[in-house]
Amino acid sequence: MSPALKHVLILVENLPSPFDRRVWQEATTLAGNGYLVSIVCPKGKGYDESFEDIDGIHIYRYKLPLEAEGLNSYLIEYSFALWHTLRLALRARRKRGVDVIHACNPPDLLFLIGGLFKLLFGTKFVFDHHDINPELYEAKFGKRDIFWKALIWLERMTFRTADVSIATNESYRSIAIERGRMDPAKVFVVRSGPQLDRLKIVPPVSEWKHGRSFLVGYVGVMGRQEGIDLLLQAAHYIIKDLGRNDVQFCLVGGGTSLVDMKALSHDLGLSEFVTFTGRIPDQELLEILNTADVCVNPDVANSMNDKSTMNKIMEYMALGKPIVQFDLAEGRFSAQDSSLYAERNDPKDMANKILELLDSPETRRRMGDFGRERIENELEWRYEAPKLLAAYRAIQDDPRKIPGEAI
Numbered sequence: 006m007s008p009a010l011k012h013v014l015i016l017v018e019n020l021p022s023p024f025d026r027r028v029w030q031e032a033t034t035l036a037g038n039g040y041l042v043s044i045v046c047p048k049g050k051g052y053d054e055s056f057e058d059i060d061g062i063h064i065y066r067y068k069l070p071l072e073a074e075g076l077n078s079y080l081i082e083y084s085f086a087l088w089h090t091l092r093l094a095l096r097a098r099r100k101r102g103v104d105v106i107h108a109c110n111p112p113d114l115l116f117l118i119g120g121l122f123k124l125l126f127g128t129k130f131v132f133d134h135h136d137i138n139p140e141l142y143e144a145k146f147g148k149r150d151i152f153w154k155a156l157i158w159l160e161r162m163t164f165r166t167a168d169v170s171i172a173t174n175e176s177y178r179s180i181a182i183e184r185g186r187m188d189p190a191k192v193f194v195v196r197s198g199p200q201l202d203r204l205k206i207v208p209p210v211s212e213w214k215h216g217r218s219f220l221v222g223y224v225g226v227m228g229r230q231e232g233i234d235l236l237l238q239a240a241h242y243i244i245k246d247l248g249r250n251d252v253q254f255c256l257v258g259g260g261t262s263l264v265d266m267k268a269l270s271h272d273l274g275l276s277e278f279v280t281f282t283g284r285i286p287d288q289e290l291l292e293i294l295n296t297a298d299v300c301v302n303p304d305v306a307n308s309m310n311d312k313s314t315m316n317k318i319m320e321y322m323a324l325g326k327p328i329v330q331f332d333l334a335e336g337r338f339s340a341q342d343s344s345l346y347a348e349r350n351d352p353k354d355m356a357n358k359i360l361e362l363l364d365s366p367e368t369r370r371r372m373g374d375f376g377r378e379r380i381e382n383e384l385e386w387r388y389e390a391p392k393l394l395a396a397y398r399a400i401q402d403d404p405r406k407i408p409g410e411a412i
């Protein structure tokens with residue numbers, strides 16, 4: 006069967022498409038190599054149409070009742086998501102048929118739909134492993150109880166159902182093989198490399214500095230494990246304890262902790278020095294990151310973040326920005342010499358590392374150049390796209406190379 010006759014249905018629950026950059030890069034890569042592609046995802050700010058056709062990729066969206074934070078709200082969110090995902094998956098199948106279910110976690114419940122389609126229709130199942138949910142649960146709730154054990158079981162069942170698993174890094178690949186008991190030949194590492202035609206270096210916009218000499222930038226989700234509270238403590242030390250009134254912080258992104266972090270910033274007396282933008286268009290995001298003198302990743306040091314590759318690190322590097330982050334295994338692998346590494350969960354050390362870079366323009370330039378070159382020569386999406394296509398060849402009836410493959 007020709008790949009042009011293969012319909013891939015991507016299931017994703019935590020972000021809308023095309024906002025989710027990794028999912029959209031995978032979708033466009035598959036579409037550009039002869040696959041029909043559809044996506045089922047939630048609605049979100051700026052992505053509220055129930056159906057959209059973008060360059061032949063069909064996007065089916067559903068509305069979630071809430072953005073979960075506590076355990077009970079997660080159960081409600083995931084129950085609604087599972088029902089709507091199944092409903093829309095069946096609708097997509099009626100329109101185009103479905104040959105491959107490509108499920109992106111969280112949650113680790115989408116194997117139920119993948120398994121049902123395998124049983125009823127002979128559909129292949131690809132698991133795209135975005136989050137290690139047992140570690141995420143432990144990071145959020147601080148315990149290994151019956152729910153943690155249930156997540157281990159759900160993860161194992163997901164791997165057992167999968168014909169192929171896609172890991173975002175080597176740490177996730179090890180989990181698939183060791184904890185998920187998958188055949189190593191069926192586990193493919195496809196990193197979330199940025200696309201440089203989107204992340205463009207543009208002139209800085211001084212207004213984002215609010216009249217100050219320096220800008221420290223952050224982009225990402227604002228949840229409990231993202232460490233925004235630690236970043237604000239670092240900002241407090243810089244501004245209030247050391248009297249550095251020449252530094253502005255700009256934090257881009259939304260999430261369940263955004264309101265709480267705004268309140269914390271106010272309580273710390275930082276409202277004048279910290280800008281929260283929420284989710285913003287790409288153009289504004291590029292303006293902020295290109296204006297930033299230093300970019301930060303304050304992710305809390307825990308077993309989940311230690312094993313996870315963060316998209317923001319890649320984006321900072323793509324724009325040639327020096328980075329400060331806590332010392333995490335996968336963060337260090339990605340950034341290498343483009344980052345300074347603060348002691349784990351120590352906001353004062355993070356503050357000192359930020360100031361070390363702000364006060365050394367030559368160090369900032371050298372580190373930024375290193376990161377940009379690493380993206381250009383090793384980590385850009387064009388190096389990862391062939392690995393995605395290799396994973397798909399592994400589930401083809403004919404495993405030979407697809408003629409005329411394009412990236």
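Per the numbering used here, the very first residue in the sequence shown carries number 6; after that it's consecutive.
The C-beta atom is built at its ideal place from N, Cα and C for all residues, glycine as well.
Exercise. Any idea what DSSP makes of F278, helix, strand or coil?
Worked result: Locating residue 278 in the sequence shown gives position 273, where the first residue counts as 1. Coil, per DSSP.
Exercise. In whole angstroms, what separates the C-alpha of E175 from that of E367?
Worked result: Stepping through the sequence shown from its first residue, residue 175 is reached at position 170. Stepping through the sequence shown from its first residue, residue 367 is reached at position 362. Answer to the nearest angstrom: the Cα atoms are 33 Å apart.
Exercise. How is the alpha helix (DSSP H) around F24 delimited, first residue to last?
Worked result: In the sequence shown, the residue the question calls residue 24 occupies position 19. Run containing F24: none; DSSP gives neither H nor E here.
Problem set entry | Alpha carbon of L294 to alpha carbon of I151, nearest angstrom | Here the question's residue 294 lines up with position 289 in the sequence shown. Here the question's residue 151 lines up with position 146 in the sequence shown. When rounded, the distance between both Cα atoms is 42 Å.
For this session: Would you mind sorting E385 into buried or exposed? The rule is 16 or more other CB atoms within 10 Å of its CB.
Result: Locating residue 385 in the sequence shown gives position 380, where the first residue counts as 1. Looking at its Cβ environment, which holds 16 or more other Cβ atoms inside 10 Å, E385 is buried.
For this session: With DSSP as the reference, please indicate the residues paired to R66 in a beta bridge.
Result: Taking the sequence shown and counting its residues from 1, the one referred to as residue 66 is at position 61. DSSP output for R66 lists C46 as bridge partner(s).
Exercise. What residue does the alpha helix (DSSP H) around H271 start on, and which one ends it?
Worked result: In the sequence shown, counting from the first residue as 1, residue 271 sits at position 266. In the DSSP annotation of this structure, the continuous segment of the alpha helix (DSSP H) that includes H271 starts and ends at L263 to D272.
Exercise. Using DSSP with H/G/I as helix, E/B as strand and the rest coil, what is A167?
Worked result: As a first step, residue 167 must be located in the sequence shown, where it is residue number 162. In the structure shown, A167 sits in coil (DSSP, three-state: anything other than H, G, I, E or B).
For this session: Would you identify the three-state DSSP class for H241, choosing helix, strand or coil?
Result: Locating residue 241 in the sequence shown gives position 236, where the first residue counts as 1. Reduced to three states, the DSSP call for H241 is helix.
Exercise. Hey, would you say R203 sits closer than 7 Å to K145, going by beta carbons?
Worked result: In the sequence shown, the residue the question calls residue 203 occupies position 198. In the sequence shown, the residue the question calls residue 145 occupies position 140. No, the Cβ-Cβ distance between R203 and K145 is not below 7 Å.
For this session: Output yes or no for whether 7 Å exceeds the beta carbon distance between P21 and K48.
Result: Within the sequence shown, the letter at position 16 stands for residue 21. Within the sequence shown, the letter at position 43 stands for residue 48. It is a contact, given that the beta carbons lie within the stated cut-off.
Exercise. Is A340 near V169, with beta carbons less than 7 Å apart?
Worked result: Within the sequence shown, numbered from 1, the residue matching residue 340 stands at position 335. Within the sequence shown, numbered from 1, the residue matching residue 169 stands at position 164. Cβ distance not < 7 Å, so A340 and V169 don't count as in contact.
For this session: Report the rounded CA-to-CA distance for V264 versus N19, giving the unit in angstroms.
Result: Start at 1 with the first residue of the sequence shown, and residue 264 comes out as number 259. Start at 1 with the first residue of the sequence shown, and residue 19 comes out as number 14. The alpha-carbon atoms of V264 and N19 are separated by roughly 19 Å.
Problem set entry | I412, buried or exposed, once every other Cβ within 10 Å from all chains shown has been counted against 16 | For the purposes of this step, residue 412 is taken as residue 407 along the sequence shown, with counting starting at 1. Summary for I412: the model assigns pLDDT 40, below 50, so the residue's position carries little reliability, and this model does not support an answer.
Exercise. Under a Cβ-count criterion, where at least 16 other Cβ atoms within 10 Å of its own Cβ denotes burial, should V207 be classed as buried or exposed?
Worked result: To locate residue 207, count along the sequence shown from 1; it is residue 202. So V207 ends up on the exposed side.
Exercise. Is the region 124-138 in contact with the region 105-114, if contact means three or more CB pairs nearer than 8 Å?
Worked result: yes
Exercise. If we ignore side chains and look at the alpha-carbon of each, how far apart do Y67 and N250 end up?
Worked result: Along the sequence shown, one-based indexing puts residue 67 at 62. Along the sequence shown, one-based indexing puts residue 250 at 245. Taking the straight line from one Cα to the other gives about 45 Å.
Exercise. Which runs of the beta strand (DSSP E) spanning at least 3 residues fall entirely within the region 175-207, listed in chain order?
Worked result: Every beta strand (DSSP E) of 3 residues or more that sits fully in the region 175-207 is shown, in chain order, as 192-194.
For this session: From the DSSP output, in three-state form, read off H107 for me.
Result: Along the sequence shown, one-based indexing puts residue 107 at 102. DSSP places H107 in strand when its eight states are reduced to three.
Problem set entry | V224 versus P286, K191, R369 and A86, residue with shortest Cα-Cα distance | Translated into the one-based positions of the sequence shown, residue 224 becomes position 219. It is P286.
Exercise. Taking just the CA atoms, how far does V299 sit from D234?
Worked result: Position 229 of the sequence shown, counted from the first residue, corresponds to residue 234. Position 294 of the sequence shown, counted from the first residue, corresponds to residue 299. Answer to the nearest angstrom: the Cα atoms are 18 Å apart.
For this session: Would you decide whether A86 is buried or exposed? Buried here means 16 or more other CB atoms lie within 10 Å of its CB.
Result: Along the sequence shown, read from residue 1 onward, the residue named residue 86 stands at position 81. Buried, because 16 or more other Cβ atoms sit within 10 Å of the Cβ of A86.
For this session: Quick one: residues in its chain with C-beta nearer than 6 Å to the C-beta of R369, no 5 flanking neighbours on either side, listed in chain order?
Result: As a working mapping, residue 369 is identified with position 364 in the sequence shown. Here the set comprises P327 and L362.
For this session: Just grab the DSSP bridge partners of N302 for me.
Result: By 1-based counting over the sequence shown, the position of residue 302 is 297. DSSP output for N302 lists Q330 as bridge partner(s).
For this session: Tell me whether Q288 is buried or exposed, calling it buried when 16 or more other Cβ atoms sit within 10 Å of its Cβ.
Result: Counted from its first residue, the sequence shown places residue 288 at position 283. Exposed, because fewer than 16 other Cβ atoms sit within 10 Å of the Cβ of Q288.
Exercise. Within this structure, are the beta carbons of E82 and L69 separated by less than 7 Å?
Worked result: As a working mapping, residue 82 is identified with position 77 in the sequence shown. As a working mapping, residue 69 is identified with position 64 in the sequence shown. Their beta carbons are under 7 Å apart, which means E82 touches L69 by this criterion.
For this session: Express the C-alpha separation of T33 and L114 in angstroms, rounding to a whole number.
Result: For the purposes of this step, residue 114 is taken as residue 109 along the sequence shown, with counting starting at 1. For the purposes of this step, residue 33 is taken as residue 28 along the sequence shown, with counting starting at 1. Distance between the alpha carbons of L114 and T33: 25 Å.
For this session: Use the C-beta contact count for H241: other C-beta atoms within 10 angstroms, 16 or more gives buried, fewer gives exposed.
Result: Taking the first residue of the sequence shown as 1, we reach residue 241 at position 236. Classification of H241: buried, given that the 10 Å Cβ count is 16 or more.
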